[in-house]
Structure formats: structure tokens, C-alpha cells
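Asker:
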Amino acid sequence: MVPFCEMSDEAVFKALADSSRRRLLDRLHRKNGQTLGELCQGLNMTRQAVAKHLAILRRANLVSWKREGRERLHFINPVPIGQIAERWISKFDDPRLRALSNLKKSLEEPES
Amino acid sequence: MSQSSSFVYVTFIRTTPEKLWSALTDPAQMKEYWLGSHMKTEWKKGAAWQLIYPDGRITDTGEILELDPPRRIVLRWRNEFRPELKAEGFALCAIDVEPVDKAVKLTITHSIERSPSKFIEAVSGGWPMILSNLKSLLETGQLVLADRPRPQ
């Protein structure tokens, strides 16, 4: 289980800062749901190196996975990237966010 | 594996499973983060559901296969308004809610028994935005300005 504290923008930027990891994400973007073995094919990296990069991508929540039989299939998870885009791109001009904020406020009131 | 197409989207939201469940199943809350659309259903196992676009069109339909509040929803899912997507038939969408530390892990697994799939390609573009909205809705306080009117 990935500790929640690592689910930060910091982890996302660090994970994306490496070209090998970006290449792994590119490969998953092209073909989603690959095993470690498939991801290693045609890459100039050892299986251990790919596994290590995948672990970093998983901790940053950029890669998700599911078990299928004995295999673990890896999927690109673009949700944190969407979150970062929202932080700088959509926040300023999206009137929907106002509605979201208001709804959040009303949801959270009973707890406060 | 080669016969199916799927994606697995994960987001961690600082909220409780119950609040997340409510956001996932309440039409009014859904409209806020689902780009104006909402799901119409009785939220019972075996019940039919429809995804209603803001203009009233039905975009997607299906059936609730599993319902385990506040943990898991499994939906049969078919697009209704794009013939080439509808032709691909029913997909499966599993929504899993799991507490992790002080947050909740939300996992959306969407799959269809065909590869490649135009449907999976189409829905894979929409979910990140919806999940991002949902996370903001439940979590962030930075957007709230004190002078904004409150609903209700």
C-alpha cells in the first residue's frame, strides 16, 4: 500500500523529471495494461531498473495496476497530471469551480 | 488480456468513504463534478441506470451489477449517443472506495471485452477530469471565498 503522504505534486514532478520514466508512461499511453515483462521489451534497461522506475511512478500515483491471474498489469493514471493542470490552467476561468467550492462548503459544514 | 481493453484510474481524496459515497450517488452532487451530467437510478442491485446530459439527452445506460455501500459499485455500461461506441456493446465499470491513512482511495476500473475499443478510448479521456473535479469538490478549501453565497 502506498502511503498517502507521498501522493503529492512533489512526488509527481520528481517522477516525471526522469526521461526513462516518461518513456514508460509513453509506452503505457500507447498500450495500456502491460506487464513488467512487456514494458521491458525493446528498452535499453534491465528488468530491475524498469521495476524500480515503475515503483516510483506508482508511488506518485502516475501508474495504477490490477492483478489478472498471476500477472500484474500496469496502467497509466493521468489523474494527478489533470490535478496539476487544473491548479494552473482551469482554476482562473472555470465558473464551475465556484459551484464546486460552494458544494464542498455545504458538505463540510456538518462536520466543522 | 489481448482480447480486452481497460484502464484503471486512481485518486486519493482527503474525505471519508461515506462522503465520497454520497458524492458518487447523489445526482445533485454528481452534476457539480460530472460536467453537468448526472446518473438516474434507484441505486439497487439489478436496477437500470441512465447518464443524463445537461440538456436532458441520455448519453449512457446500463445496469447496477454490484452495490456495496460505501465500498463498491459495479456497473454494466453502454454508450447510447455515438453509434460506433454503442456498437461495441456493454463495458464494465467498477468503482472502489477504500480508506487509506486519513484519505480515501477511489479506483475506477473500466473494461470491455474487445481490443482495440473506441469506447474505452472515449471514456478514458473523460474520467480524469471528472475525478479531478470530484477531488476538488470534496477536498480543497483554497477555492472557497468567504463572500460566496451558499447553496440550499
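Chains P and W, in that order, are what the protein sequence lines are.
Each residue of the first sequence is one higher than the one before, counting from 25 in the numbering used here.
Each residue of the second sequence is one higher than the one before, counting from 176 in the numbering used here.
Even glycine gets a Cβ: it sits at the ideal position worked out from N, Cα and C.
(1) Looking at C-alpha atoms only, which residue of W:K220, W:A266, W:S212 is the closest neighbour of W:P244?
(2) What is the rounded straight-line gap between the Cα of W:S286 and the Cα of P:V103?
(3) What would DSSP say about W:A222, mapped onto helix, strand or coil?
(4) With 16 as the cutoff for other CB atoms within 10 Å, does P:R45 come out buried or exposed?
(5) Label P:N101 either buried or exposed according to how many other C-beta atoms from any shown protein chain fall within 10 Å of its C-beta, with 16 as the threshold for buried.
(6) With a threshold of 16 other CB atoms inside 10 Å of the CB of P:A107, please say whether the residue is buried or exposed.
(7) Using a beta-carbon distance below 8 Å, is W:V185 in contact with chain P?
(8) With a threshold of 8 Å, are at least 3 pairs of Cβ atoms found where one atom belongs to the stretch 252-266 of chain W and the other to the stretch 291-309 of chain W?
(9) What in chain P is Cβ-close to W:F294, meaning under 7 Å?
(10) Could you have a look at P:A41 and say whether DSSP puts it in helix, strand or coil?
(11) Between the C-alpha atoms of W:D271 and P:M69, what's the straight-line distance to the nearest angstrom?
(12) Quick one: what's got a C-beta closer than 6 Å to W:R209's C-beta in the same chain, skipping five residues either side?
(13) If the criterion is Cβ atoms closer than 8 Å, does the pair P:N85 and W:F182 meet it?
(14) Is there a C-beta anywhere in chain W that falls below 8 Å from the one on P:K90?
(15) Just to confirm the assignment, what range does the beta strand (DSSP E) spanning W:K215 have?
(16) Among the residues of its own chain, which have a CB less than 8 Å from the CB of W:W302, if the five just before and after it don't count?
(17) Under 8 Å, Cβ to Cβ, is there at least one residue of chain W near P:N68?
(18) Rounded to whole angstroms, what is the Cα-Cα separation between W:I188 and W:L195?
(19) Buried or exposed: where does W:I227 fall if 16 or more other Cβ atoms within 10 Å of its Cβ makes it buried?
(20) Are the C-beta atoms of W:P326 and some chain P residue less than 8 Å apart?
(21) By the DSSP assignment, the beta strand (DSSP E) with W:N254 in it spans what residues?
(22) Kindly indicate if chain W contains any beta-carbon less than 8 Å away from that of P:L49.
(23) Name the chain W residues whose beta carbon is nearer than 7 Å to that of P:Q107?
(24) Cα-Cα, which of W:E193, W:V279, W:N308 is closest to P:E110?
(25) List the endpoints of the continuous alpha helix (DSSP H) containing W:F265.
(26) Give the single residue among W:A198, W:R253, W:K261 whose Cα lies nearest to the Cα of W:V279.
(27) Residues of chain W with a CB under 7 Å from the CB of P:G61: which are they?
(28) Since W:S299 is in the alpha helix (DSSP H), which residue starts that stretch and which ends it?
Answerer: If we stick to the structure as given:
(1) W:K220
(2) 18 Å
(3) coil
(4) buried
(5) buried
(6) In the sequence as presented, Ala is not what sits at residue 107 of chain P; that position holds Gln. Counting Cβ neighbours within 10 Å, P:Q107 comes out buried, since at least 16 surround it.
(7) yes
(8) yes
(9) Residues of chain P passing the Cβ test: none, with the nearest at roughly 14 Å.
(10) coil
(11) 34 Å
(12) Residue identity check: residue 209 of chain W is Trp in the sequence provided, not Arg. Cβ within range, chain order: I305.
(13) no
(14) yes
(15) 213-216
(16) F182, Y184, I283, H285
(17) no
(18) 8 Å
(19) buried
(20) Since pLDDT at W:P326 reaches only 40, below the 50 mark, its modelled position is unreliable, and the value read off the structure follows with that caveat. Yes, W:P326 counts as interfacial toward chain P.
(21) 247-254
(22) no
(23) S307, K310
(24) W:N308
(25) Careful: W:F265 lies outside any alpha helix (DSSP H) and carries neither H nor E.
(26) W:A198
(27) None at all; the shortest Cβ gap to chain W is about 12 Å.
(28) 293-314
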